[in-house]
Amino acid sequence: MQFFTVEPDHIKAILATEFTSFEKGPTFRSQMKSLLGVGVFNADGDMWKFHRSMARPFFSKDRIGHFDIFDRHAQDALRQMRTRMKSGYAVDWQDLVSRFTLDSATEFLFGRDVHSLSAGLPYPPESELARLQTTTPEADEFASAFLWAQTASAKRGRYQGLWALQEFWTDKVQSRKAAIDKFINPILLDAIQKKNENEKGQGDDGKVSEEDTLLSQLLKVTDDYNIIHDETLNILLAGRDTTACTLTFAIYRLAEHPDILKRLREEILDVVGPTRRPSYDDVRNMKFLRAVINETLRLYPPVPVNVRCAVKDTVLTSKTPGETPLFVPAGMRCIYSVFVMHRRKDLWGPDALKFDPDRFLDERVQKYLTPNPFIFLPFNAGPRICLGQQFAYNEMSFMLVRLLQQVSAIEFCPEVAPASTIPPGYTDSPGSDGTDRVWMASHLTMYARGGLWVKMTEAQAEE
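FYI, UniProt numbering numbers position 439 of the sequence shown as 439, with every residue one higher than the one before it.
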């Protein structure tokens, strides 16, 4: 049994007020175990509490406010982008920011990055140079396998508990785990070896030092290789894909709305100028920047659909007129979509399908969001709210600032994307304003099918 909801009050109960009545559930855990194992996104009960407690110290203000990692990888990414565009080719921004977030996340979590940016950027699929790209660097092998495994895991949801019949002879996710583990295992084994070499029997006060990584902290509290492996893989998924999703669709919308891009760039130049590195306080003070990010998260939430399972009989109620109380028996799957909820006109106003960052700055905040904050849930809510949301805000903000310090215009180039990824007609579809020129798709997180190919105009020095 299952039901689907986009009611804020239902979702609030599932995630917060009736939190103990719902969990990820056995069907979800079975579906995702091949990929996520017993990591935080696939755990319930005491195992979830353990993973949560281990990750929390690494997302404190002091740690996420240090922008050295962001700056190093952002500058590398933008340098490669400029080089490619000087040759006249469009750049797949989605691919670029996926590499940026992968390198940033691995350095933040493991203490070293995997240099995916150094593997080189792809050329437009139909170009001659694309046909000459025949080798696949290790970092790209991992990214490709991870994407394939996410897609295969998500497809299992269509069959619920019967998915195993579709994979009776072979586990489709496990077939790609070798490439994923080829990437992860050397990092873990190296950390374990260093721990063993440095262990001298001295006590540990349990505090997290500035030099500690999530991996090193996990090694202090457990020797279970599977727990360490699964937790790092789970956090890496969140640190890479969710941020890359938002940066992708933010640039898509800025390319479609040059007036908003111009206004955002003016704010950035007013606060930090054309070259200075933004500080933590600078980012906090750029209100329009945060509004642009929030509006992107509203229309393109990284996790558009999620699921819970009732562990005991529950009744869900709603303040929406005409909504009767809903009895949810134990064992029922509850599927909820923040993607649909974020686009409801009765919750966000008649212009809900329009990309308008000012809705997070003007009177619409008090009219819609303040009375009912659960209509905006890009990072989930309740006890399982995303621990890394401020890290994500900082990373997204930093990249957008560095980009718009260097470029003054963005041109969307859908003509160079693969023909098979041209979006279907959205004009008459619910939840769209008819202007989408990218094909939104989702495995575990949302992405633009075929990438986001753009060209950018470098800012003039006198600016």
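No residue lacks a Cβ here, since even glycine has one placed at the ideal position from N, Cα and C.
| request: Could you pull the start and end residues of the alpha helix (DSSP H) that Y159 belongs to? | output: No alpha helix (DSSP H) holds Y159; DSSP gives it neither H nor E.
| Which one or two residues does DSSP pair with Q2 in a beta bridge? | DSSP lists R333 as partners of Q2.
| request: Leaving out five residues on either side along the sequence, give the residues of the same chain with a beta carbon under 8 Å from the beta carbon of V407. | output: M456, T457, E458 and A459
| field | Residue from C386, V311, A238 and D346 with nearest C-alpha to P321 | value | D346
| If S98 and R253 are in contact, beta carbons under 8 Å, what's the gap, nearest whole angstrom? | S98 to R253, Cβ: 18 Å. No contact.
| query | Which partner residues does A441 have in the DSSP bridge list? | reply | Y447
| request: May I have the straight-line CA-CA distance separating E395 from G111, to the nearest angstrom? | output: 17 Å
| query | Mapping DSSP to helix, strand and coil, what is L316? | reply | strand
| message | Is the separation between the beta-carbon of V173 and that of A143 shorter than 8 Å? | response | no
| Can you tell me whether DSSP reads W348 as helix, strand or coil? | helix
| task | Compute the Euclidean distance between the alpha carbons of S442 and F374, then round it to the nearest angstrom. | result | 22 Å
| Taking the alpha carbon of V303 as the point to measure from, which residue in V340, V328 and D282 has its own alpha carbon closest? | V340
| request: State the Cα-Cα distance for the pair E210 and L219, rounded to the nearest angstrom. | output: Low per-residue confidence applies at E210: pLDDT is 48, beneath 50, and the placement is therefore not dependable, though the value from the model is reported in the following sentence. About 16 Å.
| task | Within its chain, find whatever has a CB closer than 8 Å to the CB of A409; leave out the 5 residues flanking it on each side and keep chain order. | result | P258, L261, M456 and T457
| message | Could you compute how far the alpha carbon of V208 sits from the alpha carbon of F108? | response | Reliability fails at V208, whose pLDDT of 48 lies under 50, so the model's placement of it is uncertain and the value that follows must be treated cautiously. For V208 and F108, the distance between alpha carbons rounds to 14 Å.
| field | Within 8 Å, strictly: CB atoms of L247 and E267 | value | no
| query | In or out: D68 buried (at least 16 other Cβ within 10 Å) or exposed? | reply | exposed
| message | Suppose you measure from the CA of I293 to the CA of F168; what does that come to, to the nearest Å? | response | 43 Å
| message | By the DSSP assignment, the beta strand (DSSP E) with L326 in it spans what residues? | response | L326 to V328
| field | CB of L78 within 8 Å of CB of R402, strictly | value | yes
| Distance CB(I251)-CB(L15) smaller than 8 Å | no
| DSSP state of L306 mapped onto helix, strand, coil | The residue asked about is misnamed: residue 306 is Asn in this sequence, not Leu. Here N306 sits in strand by DSSP.
| Ranges of the beta strand (DSSP E) found wholly within the region 363-424, counting only runs of at least 3 | 407-412
| request: With a 10 Å radius around its C-beta and 16 neighbouring C-beta atoms as the bar for buried, classify E18 as buried or exposed. | output: buried
| task | Quick one: give me the first and last residue of the beta strand (DSSP E) that E167 is part of. | result | E167 -> no beta strand (DSSP E), and no H or E assigned at all.
| Under the DSSP definition of a beta bridge, which residues are partnered with T457? | According to DSSP, T457 shares a beta bridge with A409.
| query | Ordered along the chain, which non-local residues of its own chain (more than five positions away) have a Cβ less than 8 Å from that of residue 491? | reply | Residue 491 lies beyond the residue range present for the chain, which begins at 1 and ends at 463; the question has no answer from this structure.
| Whole-Å CB distance - L297 paired with P378, under 8 Å assumed | 4 Å between Cβ atoms; contact.
| Nearest to P371 (by Cα), restricted to the options Q390, R84, W348 and D356 | W348
| query | Does the region 82-98 come close enough to the region 382-395 to have 3 or more Cβ pairs within less than 8 Å? | reply | no
| Beta carbon of D313, beta carbon of A291: below 8 Å? | no
| field | Contact check, V305 vs I335, beta carbons under 8 Å | value | yes
| Which residues does DSSP pair with D92 in a beta bridge? | Answer by DSSP bridge pairing, in chain order: W453.
| field | Strand pairing of E23, partner residues [DSSP] | value | In DSSP, E23 forms a bridge with C309.
| How many whole angstroms separate the CB atoms of M332 and F3, which I take to be in contact at a CB cut-off of 8 Å? | 7 Å
| query | Between which two residues does the alpha helix (DSSP H) harbouring H257 extend? | reply | No alpha helix (DSSP H) holds H257; DSSP gives it neither H nor E.
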